[in-house]
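To start, the structure itself, in structure tokens.
In the UniProt record's numbering, the protein residues as written are 1 to 526.
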């Protein structure tokens, strides 16, 4: 179970004193608690005086309600229900003067206060309400002022950390020192980005399952910047609960953490652009000499001088490219790092390219990236193409072309989410090497004639019949079974096809041409 998440405050720090502390002020030295002892830890944030019978419409949570019983002098039976009504509205306690308008409290009222843990306080007759109001409110305001001063000091310390170039590690260390708690910054995926505090307490922060039922010891505050949720700040105090004043400091720490993360994101974006620009130059043969490529690759932590494989991942058209491209880069970066620490990965405008060691299992890399992508994006897929083994940087442009063609042909043949190797494309590999697509399309029109177009339903249906016939090696019975035709209906269709295309049942060369033309049609758009 995750720690309870505290929503960011509006900036107003509300603090109070417990009922037990209220009883300790000098004006209430002679006051006596007559019921509800278990509720002495209830917090008093404001005071109110009961002057009207319908007081319930005017009370607010965390109030200490003072009364002489005057509004109830004519209806003492109302006292039986008063405690339950006040407790339901979140009041802290009821303090009453007896003897002038109400002589005694009903036994049921006292018993109910004990059951609910709602303090009932008997006030001394010689103390005025104004004295109580002044002293308790002054105590509350002094505590609020102290909380504000502490929060401002914490804020200055945290801002100084950022100005000095500190990161999340320094932020968590500062908060841990200020609050004497264990603190961790955790990203949206649950990974610990930084932590500080005693090792055993930090370990508890990294095991969310161990926090069940211990909300008082764990508090979580979201890290939000630019409308994006970047994770949370989690604090653990094994010695006791984390107070509201501490939560205020945690909220300020979350704001500073958001600044640190935003700054790091900006730095990462610039570095990613430089990496992508360089890798694009390498893959297009414009990066310069082999020595220059090797030196810059090493500066990025890449090794392009060994035998490698190039992988290209392209978002499938059905997905939302604007939101998915960044997630695609992140997913592939994480997958490559798990399988090859010296592998190169970069995001281009419409694709992600990875260069990994030839000994790495490229299919496993693609599956890991797909799994991470699916966890981050509710809908959308990508297709992956893999090149042949590339002996070095000089051959990377050719390998990149192979991977790109494998990704696009694989999607056409197998649909979205396909993973295809260039060597497994068969005849499609040969067709994809023909750079003159206009010549390919002319070959399709010349070979298939009217069956090449999709604007006529009957011709498209005949083309499907032709394809199955060729796939079954002109086995009429099997073709009829696959298409759910009567045998005579299929014989009629074969006759019609031969009138349109020629005597393909007798001419193997024509059958080869027809097969190739149908393959080219399947690769339309590549």
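The beta carbon of each residue, even a glycine, is placed where N, CA and C say it ideally should be. Just so you know, these numbers come straight off a predicted model, no measurement behind them.
Neighbourhood of residue 257 by C-beta, 7 Å cutoff - its chain only, sequence neighbours within 5 removed: Reading the chain shown from its first residue, position 257 is the one you call residue 257. Here the set comprises 168, 171, 185, 223, 233.
Which of helix, strand or coil DSSP assigns to residue 12: Taking the chain shown and counting its residues from 1, the one referred to as residue 12 is at position 12. Residue confidence is low: residue 12 scores 41 on pLDDT, short of 50, so the model does not pin down where it sits. Its coordinate-derived value is still stated next. In this structure, residue 12 counts as coil in the three-state DSSP scheme.
Those runs of the beta strand (DSSP E) which lie wholly inside the segment 144-207 and span at least 3 residues: DSSP runs (the beta strand (DSSP E)) wholly in the segment 144-207: 182-186, 192-196.
Where the alpha helix (DSSP H) containing residue 461 begins and where it ends: Taking the chain shown and counting its residues from 1, the one referred to as residue 461 is at position 461. Residues 457-471.
Chain-order list of residues whose beta-carbon lies under 8 Å from that of residue 71 (same chain, five-residue window excluded): Residue mapping note: residue 71 aligns to position 71 of the chain shown, counting from 1. Contacts found: 50, 51, 52, 53, 55.
Three-state class that DSSP yields for residue 132 in the structure shown: Numbered from its first residue, the chain shown carries residue 132 at position 132. Correct three-state label for residue 132: helix.
Three-way DSSP call (helix, strand, coil) for residue 307 in this model: The residue you call residue 307 lines up with position 307 of the chain shown. For residue 307, the three-state secondary structure derived from DSSP is coil.
Integer-rounded CB distance, given that residue 310 should sit under 8 Å from residue 428: If you number the chain shown from 1, residue 428 lands on position 428. If you number the chain shown from 1, residue 310 lands on position 310. With 8 Å as the limit, residue 428 and residue 310 do not qualify as a contact, their Cβ atoms being about 18 Å apart.
Every unbroken beta strand (DSSP E) inside the segment 484-515 [3 residues or more]: Runs of the beta strand (DSSP E) inside the segment 484-515: none found.
Proximity of residue 145 and residue 173 at Cβ, strictly below 7 Å: By one-based count along the chain shown, residue 145 stands at place 145. By one-based count along the chain shown, residue 173 stands at place 173. Cβ distance not < 7 Å, so residue 145 and residue 173 don't count as in contact.
Beta-carbon spacing of residue 102, residue 128 below 7 Å: As a working note, residue 102 is residue 102 in the chain shown. As a working note, residue 128 is residue 128 in the chain shown. Contact: no.
Rounded straight-line distance, which links the Cα of residue 176 to that of residue 61: Here residue 61 corresponds to residue number 61 of the chain shown, with the count starting at 1. Here residue 176 corresponds to residue number 176 of the chain shown, with the count starting at 1. Distance between the alpha carbons of residue 61 and residue 176 is about 32 Å.
Three-state secondary structure (DSSP) of residue 377: Along the chain shown, read from residue 1 onward, the residue named residue 377 stands at position 377. DSSP places residue 377 in coil when its eight states are reduced to three.
Contact belief for residue 312 with residue 404 at Cβ below 8 Å, rounded distance in angstroms: As a position in the chain shown, residue 312 is number 312, starting the count at 1. As a position in the chain shown, residue 404 is number 404, starting the count at 1. The Cβ separation is near 5 Å, so the contact holds.
Rounded separation between residue 63 and residue 159 - CA only: By one-based count along the chain shown, residue 63 stands at place 63. By one-based count along the chain shown, residue 159 stands at place 159. Cα atoms of residue 63 and residue 159: separation of roughly 36 Å, rounded to the nearest angstrom.
Short Cβ contact (7 Å threshold) for residue 326 with residue 416: For the purposes of this step, residue 326 is taken as the residue at position 326 of the chain shown. For the purposes of this step, residue 416 is taken as the residue at position 416 of the chain shown. Taking 7 Å as the Cβ cut-off, residue 326 and residue 416 do not qualify as a contacting pair.
Residues bridged to residue 250 [DSSP beta-bridge criterion]: Looking up residue 250 in the chain shown gives position 250. According to DSSP, residue 250 bridges with nothing at all.
Bridge partner(s) assigned by DSSP for residue 222: For the purposes of this step, residue 222 is taken as residue 222 along the chain shown, with counting starting at 1. Bridge pairing for residue 222: 232 [DSSP].
Any non-hydrogen atom of the ligand GDP within 6 Å of residue 421 CB: The ligand GDP is not among the ligands present in this structure, which contains no ligands whatsoever.
Beta carbon of residue 418 nearer than 7 Å to that of residue 411: Sequence index remark: in the chain shown, residue 418 carries index 418 (1-based). Sequence index remark: in the chain shown, residue 411 carries index 411 (1-based). Result yes, Cβ atoms of residue 418 and residue 411 sit closer than 7 Å.
Beta-carbon gap between residue 463 and residue 474 smaller than 7 Å: Locating residue 463 in the chain shown gives position 463, where the first residue counts as 1. Locating residue 474 in the chain shown gives position 474, where the first residue counts as 1. No; because the gap between Cβ atoms is not below 7 Å, this pair is not in contact.
Counterpart residues of residue 384 in DSSP-defined beta bridges: Along the chain shown, read from residue 1 onward, the residue named residue 384 stands at position 384. The partner list for residue 384 (beta bridge, DSSP) reads 313, 419.
Length of the line joining the Cα atoms of residue 335 and residue 381: As a first step, residue 335 is located in the chain shown; it is residue number 335 there, counting from the start. As a first step, residue 381 is located in the chain shown; it is residue number 381 there, counting from the start. Straight-line Cα distance between these residues: approximately 16 Å.
Pair within 7 Å by beta-carbon distance, residue 235 and residue 183: Here residue 235 refers to the residue found at position 235 of the chain shown. Here residue 183 refers to the residue found at position 183 of the chain shown. Yes; because the gap between Cβ atoms is below 7 Å, this pair is in contact.
Other residues of its chain near residue 149: CB distance less than 6 Å, five sequence neighbours each side excluded: By 1-based counting over the chain shown, the position of residue 149 is 149. Nothing listed; no residue qualifies.
Distance between beta carbons of residue 252 and residue 154, contact taken as under 8 Å: For the purposes of this step, residue 154 is taken as residue 154 along the chain shown, with counting starting at 1. For the purposes of this step, residue 252 is taken as residue 252 along the chain shown, with counting starting at 1. Residue 154 to residue 252, Cβ: 6 Å. Contact.
DSSP-derived helix/strand/coil call for residue 32: In the chain shown, residue 32 corresponds to position 32, counting from 1. Strand.
Whole-number beta carbon distance between residue 120 and residue 94, since they are thought to touch under 8 Å: On the chain shown, residue 94 is found 94 positions in, with the first residue counted as 1. On the chain shown, residue 120 is found 120 positions in, with the first residue counted as 1. Rounded to whole angstroms, the Cβ separation of residue 94 and residue 120 is 6 Å, and the two are in contact under 8 Å.
Coarse secondary structure for residue 47, derived from DSSP in three states: Taking the first residue of the chain shown as position 1, residue 47 is located at position 47. Strand, per DSSP.
Rounded C-alpha distance that separates residue 477 from residue 466: Locating residue 477 in the chain shown gives position 477, where the first residue counts as 1. Locating residue 466 in the chain shown gives position 466, where the first residue counts as 1. Cα atoms of residue 477 and residue 466: separation of roughly 14 Å, rounded to the nearest angstrom.
Residue nearest to residue 527 in terms of C-alpha spacing, selected from 109, 470, 114: Because the chain spans 1 through 526 in this model, residue 527 falls outside it and cannot be assessed.
Among 134, 357, 386, the one whose alpha carbon lies nearest that of residue 307: Taking the chain shown and counting its residues from 1, the one referred to as residue 307 is at position 307. That would be 357, whose Cα lies nearest to the Cα of residue 307.
Unbroken alpha helix (DSSP H) run spanning residue 406, endpoints: Position 406 of the chain shown, counted from the first residue, corresponds to residue 406. Residue 406: member of the alpha helix (DSSP H) spanning 396-414, first to last residue.
Sequence-distant residues of its chain with Cβ nearer than 6 Å to residue 20 (five each side left out): Indexing the chain shown from 1 puts residue 20 at position 20. Answer for residue 20: 40, listed in chain order.
Supposed contact pair residue 282 and residue 393 - C-beta distance, whole angstroms, cut 8 Å: Counted from its first residue, the chain shown places residue 393 at position 393. Counted from its first residue, the chain shown places residue 282 at position 282. The Cβ separation is near 6 Å, so the contact holds.
The alpha helix (DSSP H) enclosing residue 113, as first and last residue numbers: Working through the chain shown from its first residue, we reach residue 113 at position 113. Run containing residue 113: 107-116, per the alpha helix (DSSP H) assignment.
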